[in-house]
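Enquirer: Residue numbers (the UniProt record's numbering), protein chains in the order written: chain A, 1 to 196; chain C, 1 to 196. Let me give you the structure first, and then I'll get to my questions.
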């Protein structure tokens, strides 16, 4: 359970599994904010990993909304289910499979999150164009340079406006025997845009 | 008006004035998340500047809560008032004066935001220790190295736990005639902690 209204659940509140990525707290909070959520919305979380984005989105859209969390990795799906149970949520449906096929079957979305890895991001963005409602938001977390380039290229050709590109670099403190040092994390680029 | 539930109002939605700082969207969103807000809370925004943190906090704590926005700069106070009006909020009280004096008169807080400048931050943190309720949150945005050092020193001596130090560096894209470049902003360090 998360008893606050604001997003930003600490990473260690989530169940974790080896090799399943998590969108870390600060980057997650920015992604959730770029989505501009409100109660009742339909949200896809494509490449849900640990489910942290699904959980935070589900809390924002409340029980009148629905999150559809998709991953091709069975361990990620099981982990997302464990986190859904941990946070006591009933408005997330978990879908195991290839997003490029599964998306076609889904109802239209108000918001689509796309996870930051996988070589298919460009194709998934193209498919999402047809599944997003007018004024719907797409939020893409990107780690790879190749993905960043291909998503930028494809967004220009699709029906999106207000494209925002934000690179986020977070450092966190660690106590050493002699003082406090900052440990850098890798930069993440968040692209968000509005469906025309 | 902001019609979404999530924080993250774009910077250009706020009224601005020359020389009055604004906590920019992405850093603001992380600060709001670190505060862990919920409806009904009492929040101080010390050094409110443009009022962007006050506005976002007021939306999260709803009409049952109250934000007390303090600044010594009259232009900042007037600007905060204009933004309160623009966003149609009625749960923010604006206080013009020196925070070190004004804080003493205020009711106890659930959350205290402290702005990122001014050489008085250490003394204000000390005063805030006595105004924060048990389990209340303090969130300090820091730009200066000297402030970072002095706040870290003082927090160790006061009744705070779960001290988190997060440095945030944001870059935003700009279109040039030949492509898309990233423009770096200055790093901001956000210290947050819980009152024991």
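Each residue gets a CB set at the ideal place from its N, CA and C atoms; glycine is no exception.
(1) Give me the Cβ distance between residue 9 (chain C) and residue 56 (chain C), rounded to the nearest whole Å; I'm assuming they're in contact under 8 Å.
(2) Just tell me which of A:162, A:105 and A:69 has its CA closest to the CA of residue 196 (chain A).
(3) According to the Cβ coordinates, are residue 188 (chain A) and residue 141 (chain A) closer than 9 Å?
(4) For residue 88 (chain A), I'd like the list of residues in its chain whose CB is within less than 7 Å of its CB, leaving aside the five on either flank, ordered along the chain.
(5) Please list, in chain order, all residues of the same chain as residue 155 (chain A) whose beta carbon is under 8 Å from its beta carbon, the five residues on each side excluded.
(6) Per DSSP, which one or two residues make a beta bridge with residue 195 (chain C)?
(7) Less than 8 Å between C-beta atoms, sequence neighbours within five positions excluded: which residues of the same chain meet that for residue 63 (chain C)?
(8) Going by DSSP, what residue range makes up the beta strand (DSSP E) through residue 130 (chain A)?
(9) Entirely within the UniProt domain "Methyltransferase" (38–141) of chain A and at least 3 residues each: give me those beta strand (DSSP E) ranges in chain order.
(10) Output, in chain order, the set of chain C residues within a Cβ distance shorter than 9 Å of residue 88 (chain A).
(11) Measuring alpha carbon to alpha carbon, tell me which residue in A:65, A:100, A:58 and A:101 is nearest residue 80 (chain A).
(12) Which residue comes first and which comes last in the alpha helix (DSSP H) that contains residue 35 (chain A)?
(13) In terms of alpha-carbon separation, which member of A:24, A:7, A:134 and A:111 lies closest to residue 46 (chain A)?
(14) What residue does the beta strand (DSSP E) around residue 183 (chain A) start on, and which one ends it?
(15) Since residue 109 (chain A) and residue 149 (chain A) are thought to touch, with beta carbons under 8 Å apart, how far apart are those beta carbons, to the nearest angstrom?
(16) I'd like to know whether the C-beta atoms of residue 65 (chain C) and residue 37 (chain C) end up nearer to each other than 9 Å.
Expert: Taking the geometry as given:
(1) 6 Å
(2) A:162
(3) yes
(4) 1
(5) 125, 163, 191 and 193
(6) C:160
(7) 90 and 91
(8) No beta strand (DSSP E) holds residue 130 (chain A); DSSP gives it neither H nor E.
(9) 42–46, 66–71, 92–96 and 109–114
(10) Neighbours of residue 88 (chain A) on chain C: none; closest Cβ ~16 Å, over 9 Å.
(11) A:58
(12) 25–35
(13) A:111
(14) 180–184
(15) The pair is not a contact, with the Cβ atoms about 25 Å apart (cut-off 8 Å).
(16) yes
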